[in-house]
Each structure stands twice: as C-alpha cells, then as structure tokens.
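Residue numbers (our numbering), protein chains in the order written: chain A, 1 to 209; chain B, 1001 to 1209.
Where is the CB? At the ideal position from N, CA and C, for every residue including glycine.
Please read all numbers here as calculations on a predicted model, not as lab measurements.
Taking it in order: structure first as structure tokens, then the write-up.
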DNA sequence: GGAGTATGTTTCCTATCGGAAATTCATCCG
DNA sequence: CGGATGAATTTCCGATAGGAAACATACTCC
C-alpha cells in the first residue's frame, strides 16, 4: 500500500510537527534540516543514499554535524531529496505550521459581475493568500462592449478553459487564444480580453495578491 | 472603436523576450555568481578575503571552479558578501531578458515527467515570475503508484480540468474533486493527488514561486 | 627601463571531506 | 537466551578543500 494512502486514509496521520521536535530552523543547522526532510519522507539513510548518490556514512555525518558537506554534495542533497536549493536555506517560520486548505466546488465561487466580465472568485474563504484565482465568463462577441484597459500591480496568469478569446495588452500585438492556451503577463501593463467565439468564453485567471 | 483596439492595434511594441536564448537551466555556476557579486561591489580578492575571513587563494579557486567550497565556507561567503543564503542559489534570469508577456500554446509547455505525474510547465520563458503555472496529467487509477507527499514552501492553487481526482493533504481528510472544482492550500503541507476516473485526469496547478 | 605596488593565480602542505567496510544499536523471531 | 535482520554510527584511508606563501601580471611613478 502506498504510504500516502496509509498516511491520509486511515487514522494514522503524520502529525503536523508533533510536540517532540519543534523543527525550528535556526540560523543554519543544515544537519537537522537534512535529517528532518529525510524523516518526513520516511527515508532510511540507505534510501537517501540511493537518491543522492552519497554514501550512508556521509549522510550520517552530515546529519550529525560531524562534517561540512562541500557545495557539490549540497547540490546532490537538494536534488536527491527533491527540494529546491534556495528552499534548503530558507528560514521557514516553522513552529506551528498549520496548513490551510479550502475547496471551491464547481460554480460555488463568489460571483462578481461587471459590464464586460462575469467573474467567479474562487477560494474566497481563505484570507491572506498570495494568489487570487477566479474564473471568468467572457460574453460572446463582446468585442465592442468595453472601453479601457484593466491595470493593477502584480502579475497574472490566464488560462483559456473554453472558447476563443482575443487577448489585448499594451505594447504587444493582440493575440487569439484558444482553449488550452495560456498567457502570463505583468498586470500593470494594461490588458483586456474579448470573446471571439460564438459562445461565451471561459477563462481561469490567477493574480498575485 | 474601443480604446483597447486602438491601443493594442498600433505598432508600438516593446520587444518581448529576446528570442535567441532558450533560458538554459544552469547547474548553478557558484563561482561565476560569487565573482559577479564581488565585482559588482568592486571588491578585490583581498577585500573579499577580509570580509569573509577566507584566504585569497581560496576565493580565487572557488571563483574559477577549481574547488567546491564546503558548506561552512559557503556560509562565510554569504555573510561576507552581504547576501542572503537562499538568494545565492536562486536561479537568476540568466539573460536578463525581462519579458512582460509570454504565451504558451496548448501542449507547448515544457514537459516534466515523473513516476506519478506528467507535468507540463507553462510560461517557462518568463524568468522571475511570482507564480509557476503548470498543467498535469495524472494517470488513470494511479492510486497505488506513488508513495509519498509532495511538499514545498509556498501556496498552491489547483483546478481540475478533466476527470476526477482524489486530493490528499496532511491534516485533512482526502477529498474527491471533479472537473471545475478547485482547491487552494499551503503547499508546505504534504499533498498528493491520484486519478479516480477511468481516464487520466488533467489538472491546472499554480504555485507561488 | 627598473623599482614599487596592487591584483589575481598557482604552488605546496595539512586538515578534513567522503566512501567502503566494520561496528554498534535496535528489533524481531526461534 | 542466541541468531538474524535492518537501521545508524563509527572507523579507516585515499582524495581534496583551504591557507600560507610564492609566483605571475599587470599598472603606476620616477
């Protein structure tokens, strides 16, 4: 049975950061950090060894702060343990680390209708999120129904779910996007889109908060 | 005519991404990086030596990739050169190419296949973006094919495009998501998903960078 | 030109890293 | 208990990181 099923399905959940170890990542206990990552994945030194290509003994010594790995080795560690290098050194505000999660079912977002768009804000329950996702219905042949750019600081990702839209931005030629196409852009650059299909177009938008 | 059409239609364009370079995924040239930082401050090896407490020769060898510094030394480097550790390892926008918009056509992202997922990274041409979008194919009935949580700092938004998946996270009960459903969660909380439909499931993922 | 100065590179040589194997520690059995 | 199995730790030793000092290569200024 897969470990996830075990962990997620039955009662035996991997507890957050159980009382035992606080997992605080003080100014750079690389050893602890490595060990923690390994433990979280329930990897033995042997498994970690296979993954990283490093000797068990080496890993053991690193975890116990008995040696300072060379940069080369650090890279192997990051790769093998499937963690991004910068992440390895980030001072995570660990502590309680209470994960958050919110589900939004099809059609159950918070609607916000404007002249041009029919937005449906997703994941509204979650305050203080770094991204703002919403689904938007662009009315069919809305070509002439609006008059100005939308512009707001941040970045935006747009993915076309259904239909075809013409996507306009300042400085660029307009482009037609069909279902499955996507675009990423700085949203302080004026932008707008219109449906060019016979039906409404449906797009998924994610903005930085 | 709408102002958008006007504005977008005329010829004045900022050049997008320099078409030439494919944005190489560098193996992280630490030496070059260090040398850049030092040069930028107009520090001599001697000065850098005083700042870091490392020998001139050592610095020289590191910059010329003639040796792999130990982690201890890397720490001293970061401290002495007044740069945050994670920053040292962040993938730089190599070419400097600050594109402000990038289109990714259906199926034309950069594939990344793992045992469990078939990712397609979107908008890869755009370096230094705050979000990382990708589309993922989750193999049908992949229920037993993986064994561990995915976990990385940041937040994540998931939208189901096709099929049905079971979405697992630590601390929560697993939940089944169908096309059109979405979830927003802290991605440092272990998470994973499997397809529970007869066909592969297709999901759109956006992570904070 | 030659002496002097400032910067980066290349020797050494020792301390230590990193891997193979031996050793310890823990947990199951019979 | 003794043996067996699987994990982590600790030797041991060759390879290499890192420092001191010598060397190389500019630039000055006289």
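- Among the residues facing chain A, residue 1176(B) is not included, as its CB has no counterpart in that chain under 8 Å away.
- Against chain A, a Cβ distance below 8 Å from residue 1206(B) picks out 131, 133, 157 and 206.
- When beta bridges are read from the DSSP output, residue 1119(B) appears opposite 1112(B) and 1136(B).
- If you draw a straight line from the Cα of residue 203(A) to the Cα of residue 181(A), it comes to about 10 Å.
- Our two residues, residue 1175(B) and residue 138(A), have alpha carbons roughly 30 Å apart in a direct line.
- Interface with chain A (8 Å Cβ-Cβ cutoff): residue 1169(B) is included.
- Classified as exposed, residue 114(A) has fewer than 16 neighbouring CB atoms from the shown chains inside 10 Å of its CB.
- Comparing C-alpha distances from residue 81(A) to each of 33(A), 164(A) and 151(A) shows the shortest one belongs to 33(A).
- With fewer than 16 other beta carbons inside 10 angstroms of its own, residue 1209(B) counts as exposed.
- In this structure, 163(A) is the residue among 163(A), 169(A), 102(A) and 184(A) with its C-alpha nearest to the C-alpha of residue 136(A).
- Here DSSP, grouped into helix, strand and coil, assigns residue 83(A) to coil.
- In the DSSP assignment, residue 1186(B) falls within the beta strand (DSSP E) that extends over 1182-1186.
- Taking C-beta separations shorter than 7 Å and ignoring five residues to either side along the sequence, the partners of residue 1169(B) in its chain run 1185, 1189, 1190 and 1191, following chain order.
- Under the DSSP assignment, residue 1051(B) falls in the alpha helix (DSSP H) whose first and last residues are 1045-1052.
- For residue 102(A), the enclosing beta strand (DSSP E) begins and ends at 101-104.
- Here residue 1111(B) has 1120 as same chain residues with Cβ atoms under 6 Å from its own Cβ, once five neighbours each way along the sequence are excluded.
- One thing to note: residue 100(A) has its Cβ within 8 Å of the Cβ of residue 126(A).
- Comparing alpha carbon positions, the residue from 72(A), 109(A) and 159(A) closest to residue 1132(B) is 159(A).
- Chain B places a beta carbon closer than 8 Å to that of residue 69(A), counting this residue as a contact.
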